[in-house]
Amino acid sequence: MKDMRRLQDLQIFDDASRGPLGSLHMLFYLRGGHLASLGAVITILAVALEPFMQQLIVYPVRLVYRESGKASILRTDNVSYAAQGQNGFRMDASLDKGIMNAIYNGDSAPSLEPFCSTGNCTWPVFHSIGVCSRCIDMADQVKLEGACTPGDFLEMKKNCTISFQHGIPVVNPYDGVGAASYIAWLLNYKLEDPTVLLAGTPYIDGNFAGVNNPLFALGWLEIDYSSLTNTTPISRAMECMFTYCLQRYNVSVESGVSTIKTEPVHLASMNQLSGWNVTAPLLPDKDKEKTTTFVVDDSAGHSLWKSLILDLVGNATTWVESTEYFIPSNTFIGTARAVNDKVHMMESIAQSVTYSILEPSNQTMTGLVGLPEQFMHVRWGWIALPTFIVLATILCLCLVMMCTKRHNVKMWKSSSLALLYHGFGKPVEDDGRRFTRLSDMTHNAANSRARLAPSGNYTWELQVSEGGVVDRAR
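Numbered by numbering that gives the first Met the number 0, the letters in the sequence shown go through residues 0 to 473 in order.
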């Protein structure tokens with residue numbers, strides 16, 4: 000107050016010292032350029048200080064995974080005919096059950112499911128024996144020789160040979176009942192009598208569906224009878240294979256929903272008598288040095304070969320009177336004809352058969368159980384504003400102290416006592432009769448009593464108890 004200023008400044012500064020609303024008013028009033036503006040900004044920003052500090056530390060819940068027997072999934076490194084039988088049934092019956100489950104139920108067939116007690120579990124990547132399938136389109140590799148029009152088939156008197164690049168051909172797509180409209184036949188074995196599956200059935204070497212010498216290779220044909228004179232009546236041709244394989248499993252359970260991803264690592268080249276084995280790490284990502292020998296004995300190989308032949312090989316014969324009607328020789332033919340995605344159907348059969356050989360296994364892979372655990376998390380980004388406010392406050396304090404010292408201001412801390420004691424008057428030099436220190440005024444004010452009272456001139460004045468006027472402001 001050394002210099003002349005507008006009296007309104009007193010109220011502006013007093014309001015600013017009381018909270019953010021007054022500080023905001025002072026910012027618009029001063030329009031920057033004053034040290035007090037920095038203090039006003041700090042006061043306004045301090046409103047957000049507490050919410051920011053509350054957001055700094057949170058206590059979320061996360062899953063902590065621990066090894067436990069309460070997380071397990073079936074696996075096997077040994078498939079034998081004796082071990083795979085369950086509940087008094089032979090392995091043949093278990094495999095037939097798996098094939099039929101896939102044919103009748105598709106994706107709804109019973110399948111491998113992990114056990115997880117908490118609903119959140121993980122497993123290391125591991126290997127296990129399974130059954131794999133693969134199919135390729137052969138429409139552009141079908142070879143027809145002889146009388147091969149649909150009309151010739153319906154007459155059932157002329158010879159026609161239908162063949163793929165490899166394997167046994169179809170000779171005359173008809174039998175004593177009628178001409179075939181759908182045909183599923185064995186490509187890599189020459190059966191003298193389809194009803195008699197001998198162990199010594201001649202085996203045909205070759206590459207089927209991109210695999211050298213798989214256990215079972217199947218050809219699929221669909222014949223179009225819409226034009227009896229069509230010389231290329233094959234509407235669809237496909238080559239599929241089934242064989243034992245080593246599969247890589249990546250398994251997890253999250254919120255009760257299981258995810259099982261499998262990838263074939265080794266596809267067995269074998270026949271119905273040979274059996275198969277391969278050496279590989281049980282845990283390929285975790286322990287590559289520790290290997291396991293995965294074994295399929297010859298009886299288990301023969302059992303799968305025989306079950307696939309009995310359940311998949313067959314045909315559907317059509318009627319001469321109406322080629323829209325036909326009689327399937329087995330359940331697979333009757334179901335597969337109506338399935339457009341036959342590749343997926345073959346994969347479903349392989350998955351279901353894999354479950355059939357895993358179900359009786361007493362081998363499991365133990366996983367990690369996810370348990371909820373609360374922890375303290377510091378979100379350092381929320382400390383930016385509080386840090387700025389503290390640093391700005393320290394800066395403002397230092398600047399105020401420097402300014403008051405430079406201008407020789409005796410009282411740098413605000414006080415209303417100076418106005419009350421000195422009152423209003425024309426500018427004069429200070430004399431010894433006035434209080435010049437805040438401590439003196441504070442001490443005197445503690446021992447004085449004052450009131451605002453009317454004067455004789457119909458004005459109001461502030462009076463001390465002795466009657467002396469402290470401040471004659473009117």
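Backbone N, C-alpha and C define an ideal beta-carbon position, used for all residues, glycine too.
*Over the uninterrupted beta strand (DSSP E) stretch that includes W379, give me the two end residues.*
Residue 379 sits at position 380 when you count from the first residue of the sequence shown. Unbroken run through W379: none, as it is neither H nor E.
_Closest Cα partner of T363 within the set L282, Y243 and F241_ = Looking up residue 363 in the sequence shown gives position 364. Closest option to T363, Cα to Cα, is L282.
*What did DSSP end up calling D8 once you bin it into helix, strand or coil?*
As a working note, residue 8 is residue 9 in the sequence shown. Residue state, collapsed to three classes: helix.
*Supposed close pair W381, L55 - CB separation, criterion 8 angstroms*: Along the sequence shown, read from residue 1 onward, the residue named residue 381 stands at position 382. Along the sequence shown, read from residue 1 onward, the residue named residue 55 stands at position 56. With 8 angstroms as the limit, W381 and L55 qualify as a contact, their Cβ atoms being about 5 angstroms apart.
*Quick one: what does DSSP say W184 is sitting in, helix, strand or coil?*
For the purposes of this step, residue 184 is identified with residue 185 of the sequence shown, where counting begins at 1. Strand, per DSSP.
*When you compare only the Cα positions, how much space is there between T121 and R247?*
Here residue 121 refers to the residue found at position 122 when the sequence shown is read from its first residue. Here residue 247 refers to the residue found at position 248 when the sequence shown is read from its first residue. The alpha-carbon atoms of T121 and R247 are separated by roughly 15 angstroms.
*Could you have a look at H126 and say whether DSSP puts it in helix, strand or coil?*
As a position in the sequence shown, residue 126 is number 127, starting the count at 1. The answer is strand: DSSP assigns H126 an E or B state.
*asked:* Only counting the same chain, and skipping five residues up and downstream in sequence, which positions put a Cβ closer than 8 angstroms to that of L398?
replied: Here residue 398 refers to the residue found at position 399 of the sequence shown. Correct list, in chain order: L34 and L37.
*Tell me whether Y103 is buried or exposed, calling it buried when 16 or more other Cβ atoms sit within 10 Å of its Cβ.*
Along the sequence shown, one-based indexing puts residue 103 at 104. Y103 is exposed by the Cβ-count criterion.
*Please list the segments of the alpha helix (DSSP H) lying wholly inside the segment 227-306, counting only runs of 4 or more residues, in order along the chain.*
none
*Taking three-plus beta-carbon pairs below 8 angstroms as touching, is the segment 221-241 in contact with the segment 147-156?*
yes
*Check whether C134 and K285 have beta carbons under 8 angstroms apart*: Your numbering for residue 134 matches position 135 in the sequence shown. Your numbering for residue 285 matches position 286 in the sequence shown. No, these two residues do not count as a Cβ contact at 8 angstroms.
_Contact set for V78: own chain, Cβ-Cβ below 6 angstroms, skip 5 residues either direction_ = As a working mapping, residue 78 is identified with position 79 in the sequence shown. Contacts found: I128, V295, A299 and I356.
*Neighbourhood of S454 by C-beta, 8 angstroms cutoff - its chain only, sequence neighbours within 5 removed*: Position 455 of the sequence shown holds residue 454. If we look at S454 and ignore the five residues flanking it on each side, its Cβ neighbours are E460.
*Which of helix, strand or coil does DSSP assign to M364?*
Along the sequence shown, read from residue 1 onward, the residue named residue 364 stands at position 365. In the structure shown, M364 sits in a strand (DSSP, three-state: E or B).
_Opposing strand residues paired with K142 [DSSP bridges]_ = Position 143 of the sequence shown holds residue 142. Paired residues: S162.
*At a cut of 8 angstroms, does the segment 374-389 reach the segment 157-169 through at least three beta carbon pairs?*
no
_Helix, strand or coil, according to DSSP, for C147 in the structure here?_
Here the question's residue 147 lines up with position 148 in the sequence shown. Coil at C147, not helix or strand.
*Residue from I233, F293, Y202 and I222 with nearest C-alpha to Y243*: On the sequence shown, residue 243 is found 244 positions in, with the first residue counted as 1. Among I233, F293, Y202 and I222, the Cα nearest to that of Y243 is on F293.
_Within the segment 59-129, ranges of the beta strand (DSSP E) (whole runs, at least 3 residues)_ = 60-73
*On the three-state DSSP scale, how would you describe S454?*
For the purposes of this step, residue 454 is taken as residue 455 along the sequence shown, with counting starting at 1. It is coil, neither helix nor strand.
*Does the distance from the C-beta atom of L186 to that of Q271 stay below 8 angstroms?*
Taking the first residue of the sequence shown as 1, we reach residue 186 at position 187. Taking the first residue of the sequence shown as 1, we reach residue 271 at position 272. Not closer than 8 angstroms, so no.
_Between V63 and E372, how many whole angstroms is the CB-CB distance? I'm expecting something under 8 angstroms._
As a position in the sequence shown, residue 63 is number 64, starting the count at 1. As a position in the sequence shown, residue 372 is number 373, starting the count at 1. That belief holds up - the Cβ atoms of V63 and E372 are roughly 5 angstroms apart, short of 8 angstroms.
*When DSSP labels each residue in this structure, what does G177 get in the three-state scheme?*
Here residue 177 refers to the residue found at position 178 when the sequence shown is read from its first residue. Three-state DSSP puts G177 in coil, outside helix and strand.
*asked:* Under 8 angstroms, with one C-beta from each stretch per pair, do the segment 64-73 and the segment 382-398 reach the 3-pair mark?
replied: no
*Just mark D477 as buried or exposed, buried being the case when its beta carbon has 16 or more other beta carbons within 10 Å.*
Residue 477 lies beyond the residue range present for the chain, which begins at 0 and ends at 473; the question has no answer from this structure.
*Cβ neighbours of I41 in the same chain (closer than 7 angstroms, five flanking residues each side left out)*: Position 42 of the sequence shown, counting from 1, holds the residue named residue 41. I388, A391, T392 and C395.
*Which same chain residues, not among the five before or five after D439, have their C-beta less than 6 angstroms away from its C-beta?*
The sequence position of residue 439 within the sequence shown is 440, counting from 1. Counting only Cβ-Cβ distances below 6 angstroms, and skipping sequence neighbours, we find nothing.
*asked:* Just list the residues that DSSP pairs P327 with in beta bridges.
replied: Locating residue 327 in the sequence shown gives position 328, counting from the first residue. P327 pairs with A315.
*Does the Cβ-Cβ distance between S555 and I98 come in under 8 angstroms?*
Residue 555 falls outside the range modelled here, since the chain spans only 0 to 473, and no answer is possible.
*If you draw a straight line from the C-alpha of D14 to the C-alpha of F27, how long is it?*
As a first step, residue 14 must be located in the sequence shown, where it is residue number 15. As a first step, residue 27 must be located in the sequence shown, where it is residue number 28. Cα to Cα, D14 sits roughly 13 angstroms from F27.
*Using the C-alpha atoms, what's the distance from P280 back to A335?*
Mapped onto the sequence shown, residue 335 falls at position 336. Mapped onto the sequence shown, residue 280 falls at position 281. Using only the alpha carbons, I get a separation of about 38 angstroms.
_Exposure label - H126; buried when at least 16 CB within 10 Å_ = The sequence position of residue 126 within the sequence shown is 127, counting from 1. Burial call: buried.
*asked:* Quick check: the Cα distance between L9 and M25, rounded to an integer number of angstroms?
replied: Here residue 9 corresponds to residue number 10 of the sequence shown, with the count starting at 1. Here residue 25 corresponds to residue number 26 of the sequence shown, with the count starting at 1. Looking at the two C-alpha atoms, the distance is approximately 11 angstroms.
*Buried or exposed by the 16-neighbour rule on C-beta atoms within 10 Å, applied to V319*: In the sequence shown, residue 319 corresponds to position 320, counting from 1. The residue in question, V319, is exposed, as its Cβ has fewer than 16 Cβ neighbours within 10 Å.
*For S16, name the three-state secondary structure that DSSP assigns.*
Walking along the sequence shown from the start, residue 16 turns up at place 17. DSSP places S16 in coil when its eight states are reduced to three.
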